[in-house]
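So the sequence shown is residues 536 to 730, counted in this note's numbering.
C-beta atoms are modelled at their ideal positions from N, C-alpha and C, and glycine is treated no differently.
Worksheet: one structure, shown below.
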Amino acid sequence: FVFITIQIAKTIIRPLKELNKAAQGIAQGNLDVEIDIPSDDEVGTLARSLSETAKELKIRINYINNLAFYDKLTGIKNSTAYLQEVAFLKNDILQKKADFSVFVIDVNGLKFVNDNYGHEIGNELIIKVTQMIEDVFGTDNVYRIGGDEFAVILSNAAEEVCENYRKRFVEMVEHQKGKIWASASLGYAIYKQKK
């Protein structure tokens, strides 16, 4: 009887506990749970199904996050992601540990391009400006916050660093004169927490 009880515990109770633990992990947002129940019985089938469900959920959540936080045209972060970052910065300000710079870039002449050459050419212009911004600032902290407006948020960037970014961007815009039908303006502000 003891031997049979031990066997039942090995084949049923332990795998069920592992499944329960994995299900709790998934419910808490851990979609990388490992479920190792190699049996071919109903418990093993349930384990494989739960594992596949977690993988599918991860794929779908990543897809939804991509739709929610990235601009469809340019592939950079969108205004929703920008507002989320602003909320984080406000929290840093409240905790007195904020040190950041915000660059705002505006495409001049997009309306003219859209009205005279069509929105497809206007979209090409937006994509070209996005590439210029990424060439200067990288890709991590660039946001499209409106139709022709972009923002870049940098942490711990001193005045000299910000001025170098500004100069690089202005040089790039100057270099594009005659190649694209619009220009871009850039301004920035620095926030340093007083200690």
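Item	Value
Residues near I688 by beta carbon distance below 7 Å, same chain, minus five either side	E620, F635, V637 and N676
Paired residues, beta bridge with S636 - DSSP	L689 and I725
Distance, F704 Cα to C697 Cα	11 Å
Completely contained alpha helix (DSSP H) runs for the region 652-682, where each covers 4 or more residues	654-672
Status (buried if at least 16 other CB within 10 Å, exposed otherwise) for Y617	buried
Local conformation of N565 per DSSP, three classes	coil
Assigned secondary structure, K745 (DSSP; H/G/I helix, E/B strand, else coil)	Given that the chain is displayed from residue 536 to residue 730, the structure contains no residue 745 and the question cannot be resolved.
Opposing strand residues paired with V578 [DSSP bridges]	V578 pairs with nothing; no bridge assigned.
Span separating the alpha-carbon of G579 from that of G560	18 Å
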